[in-house]
Each structure stands twice: as structure tokens, then as C-alpha cells.
Amino acid sequence: MTRRFDGKVLLITGAARGIGAGVARGYVARGGKVALLGLEPDLLQELSDDLGDAAEWWTADVRDARQVTAAIDAAASHFGRLDDVLANAGIASYGTVRQIDDPSFTRVVDINVNGVYRTLHAAIPHLEQTNGYALVVASLASFTTLAGLASYNASKAGAESLALATKQEVAHLGVGVGVCHPSWSDTDIVRGAEEDLPTFRAIRGKLPYPANSTTTLDECVEAILDGIARRRGRVYVPKGVVLANVLKAVVNGPVGWRVMRRQLKRHVPELEREVDALGRFQHAHTPLTDAKPTPDPQV
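Read in our numbering, the sequence shown has 912 at position 111, and its numbers run on one by one without any break.
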């Protein structure tokens, strides 16, 4: 039976597109209301208009604590409560550690780890009032590394650890925290990487299931909605991702290394050449401009 969110409010970071926008639509369809945070005002406005009075939006860059806190406080004031939070904002960068520049690497970590901290830090006081729940979007990449995505792997492993530590810290407050591990989903990040870097697609295709597969956006959205409704500690998308977590010691150990090393000897130089030829370390849809603080609803 599908669980509903009547009377509840969900705050979503990275809400303008992809998983964030899909979850917003699904949450409202089940009777809830959504506070949309992101960096793309045109897309946020369009989504909010589609969802009507059940939605409102604020621009906020998760790299800026003041923006995040102002937007979350404004959302709680606007709706009168916050019951759920989806810490979804995240990006990826291309390039090996010896190749990628410092701003591109640190930006991924700042958004994917520090941005989650800033979101949780500002939201927990509101969630305490409702015995609420926060779900942090990590990744299959939390425990399955891939050459050329070191910043993404490191940040998603960090996001997982941050979520698990926070879960311990807020349990006595009646606040629940979960962590979501989507495999490669049909989003702009994955499509952009496969279009930009043929070698990335080739490497991924040689990995064992589920790392070699792509999950539909609808499947990911439904799993997240179910995870929020049931306040799950872990959400795996697809469910087979749990195997990667259980077997990570084997995959990252001597046996897995012997298998991977033969492939990487050829693929890593190819990947570096493709990134050099591309002339950028992000996919084309990554918002690169900082948002200005806008604590009041954009209506």
C-alpha cells in the first residue's frame, strides 16, 4: 500500500531537476507539500508553478551556510513546519587526481559533503519540532570507486559517514536520518559523463552488477519516496546495490585489484586524454554561478 504524506512538508536541496524534481512531484502527488531549494530559478519557478500551492521555492547555494539557513528557516516559516528533508544537492567532476584542478575537486567535496552538513545543521532544529526525518543522497560510489571520479567517490563516502554519525547524534531528539545509495541513474550527471567520456562508459560497462547498469529516474524516485515514508536507515536503488556494500572489502581488496589493474592500465590514459580534449572538468548542465541569498519566497 502506498503511504501518503498528507499534512507533511518536505524540503529538498538540488530540487530543480533530476531526482530532486521527481521526488517533489511524487511527494505532492501523495498529499504533501514541498520546499524547493536550488540554484536554477527558472526551473524552480516552473516546477513550483506546476505543483501549485503545495510548493514554494528559494534560491540557495549549499556552499553558503547563511543562504542555506535563511532559506530553510524561511521555508519552515512559510509552511509552518518541516517534517522531512532530502539532502540531494550534488555534482560530479571529471579527471584523475593528478589532472583535475583544485577548484573543481574541492567544489565537489564542498557541495556533496559540506553542503549536506549545512543542510542538516540548519534543518535539525525544525525536524526536532516534528520528530522529523532526513534522507541524505549518497551513492553506489560511497563504496564502489571508479578511476577519474575521485572527488565524487570521496565526497559520497563522506556523505554516507556524515549521515550515519548524524543519525547517532539526533536519535535522542526523535529525529531519524537515513542514507540513500542510488546506482547510476538516468540523470543529467550520468548522461553527461557518458556523452563526454566514451572511456567512462567503457569502464563502467565492465564492472559487475549493479555498477554496470543504469536505473530509471522513476525507480529511484519511488524508492526514495518509500524510504522517506518508512523512515528507512538505508535506501538502495536498485536493491542489488546492497551487494556492493556487503562485498566492498572484496571489491576493494587484492582480488578486485588484480581484475581492475589490467583494465586501468589502458583505460586511465584514454580517460585523461578525453578530459584534456574536452577542456572542462564538469558536465555541461552543472550550474557554476553562486546564488544570491533570497530568504523570502519567490512569488
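Note that beta-carbon positions come from the ideal geometry of N, C-alpha and C, so glycine has one too.
Checklist entry - What separation, rounded to the nearest whole angstrom, lies between the Cα atoms of G896 and I873? => result As a working mapping, residue 896 is identified with position 95 in the sequence shown. As a working mapping, residue 873 is identified with position 72 in the sequence shown. Near 34 Å, if we compare the C-alpha coordinates of I873 and G896.
Checklist entry - If we count the other Cβ atoms within 10 Å of its Cβ and call it buried at 16 or more, is K957 buried or exposed? => result Looking up residue 957 in the sequence shown gives position 156. Counting Cβ neighbours within 10 Å, K957 comes out buried, since at least 16 surround it.
Next on the checklist: For H1084, count the other beta carbons within 10 Å of its own beta carbon; 16 or more makes it buried, fewer makes it exposed. Which is it?
Outcome noted: By 1-based counting over the sequence shown, the position of residue 1084 is 283. Burial state of H1084 is buried, judged by a 10 Å Cβ sphere holding 16 or more other Cβ atoms.
Checklist entry - Based on Cα-Cα distance, which residue from R831, W985, T814 and L812 lies nearest to M802? => result Locating residue 802 in the sequence shown gives position 1, counting from the first residue. If we check each option's Cα against that of M802, R831 comes out closest.
Item to check | Any 3 or more C-beta pairs closer than 8 Å across the segment 934 to 942 and the segment 950 to 968 | outcome: Contact between the segment 934 to 942 and the segment 950 to 968 is present, because at least three Cβ pairs lie under 8 Å.
Checklist entry - Run through DSSP, which three-state label would E996 get? => result Here residue 996 corresponds to residue number 195 of the sequence shown, with the count starting at 1. Helix.
Checklist entry - Under a three-way DSSP split, which group does G819 fall into? => result Working through the sequence shown from its first residue, we reach residue 819 at position 18. Three-state result, G819: helix.
Checklist entry - Using the C-alpha atoms, what's the distance from G823 back to V829? => result On the sequence shown, residue 829 is found 28 positions in, with the first residue counted as 1. On the sequence shown, residue 823 is found 22 positions in, with the first residue counted as 1. Those two C-alpha atoms are separated by around 10 Å.
Checklist entry - Does DSSP put G808 in a helix, in a strand, or in coil? => result For this step, residue 808 is matched to residue 7 along the sequence shown. Reduced to three states, the DSSP call for G808 is coil.
Next on the checklist: According to DSSP, simplified to helix, strand and coil, what is T814?
Outcome noted: The residue labelled residue 814 in the question sits at position 13 within the sequence shown. T814 falls in the strand class under three-state DSSP.
Checklist entry - Using the C-alpha atoms, what's the distance from G1057 back to R1063? => result Here residue 1063 refers to the residue found at position 262 when the sequence shown is read from its first residue. Here residue 1057 refers to the residue found at position 256 when the sequence shown is read from its first residue. Taking the straight line from one Cα to the other gives about 11 Å.
Checklist entry - Within 10 angstroms of its Cβ, does D1097 collect 16 or more other Cβ (buried), or is it exposed? => result Here residue 1097 corresponds to residue number 296 of the sequence shown, with the count starting at 1. With a pLDDT of 40 at D1097, under the threshold of 50, the modelled position of this residue cannot be trusted, and the question is left open.
Item to check | A836 - partner residues in DSSP beta bridges | outcome: As a first step, residue 836 is located in the sequence shown; it is residue number 35 there, counting from the start. According to DSSP, residue pairing for A836 in a beta bridge involves L812 and E857.
Item to check | Residue closest to T1016, alpha-carbon to alpha-carbon, out of A1030, P1055, G1034 and R992 | outcome: Along the sequence shown, read from residue 1 onward, the residue named residue 1016 stands at position 215. With distances taken between Cα atoms, T1016 lies closest to R992.
Next on the checklist: Just to confirm the assignment, what range does the beta strand (DSSP E) spanning H982 have?
Outcome noted: As a first step, residue 982 must be located in the sequence shown, where it is residue number 181. First-last of the beta strand (DSSP E) with H982: G977 to P983.
Checklist entry - Thinking C-beta only, is G827 closer than 8 Å to L1026? => result The count along the sequence shown starts at 1 and reaches residue 1026 at position 225. The count along the sequence shown starts at 1 and reaches residue 827 at position 26. Going by C-beta atoms, L1026 is nearer than 8 Å to G827.
Checklist entry - Is the beta carbon of L921 sitting closer than 8 Å to the one on L812? => result Taking the first residue of the sequence shown as position 1, residue 921 is located at position 120. Taking the first residue of the sequence shown as position 1, residue 812 is located at position 11. The answer is no: Cβ separation not under 8 Å.
Item to check | Those runs of the beta strand (DSSP E) which lie wholly inside the segment 846 to 892 and span at least 3 residues | outcome: 856 to 860 and 885 to 888
Checklist entry - Can you list, in chain order, the stretches of the alpha helix (DSSP H) that have 4 or more residues and sit fully within the segment 895 to 957? => result The qualifying runs are 903 to 910 and 916 to 931.
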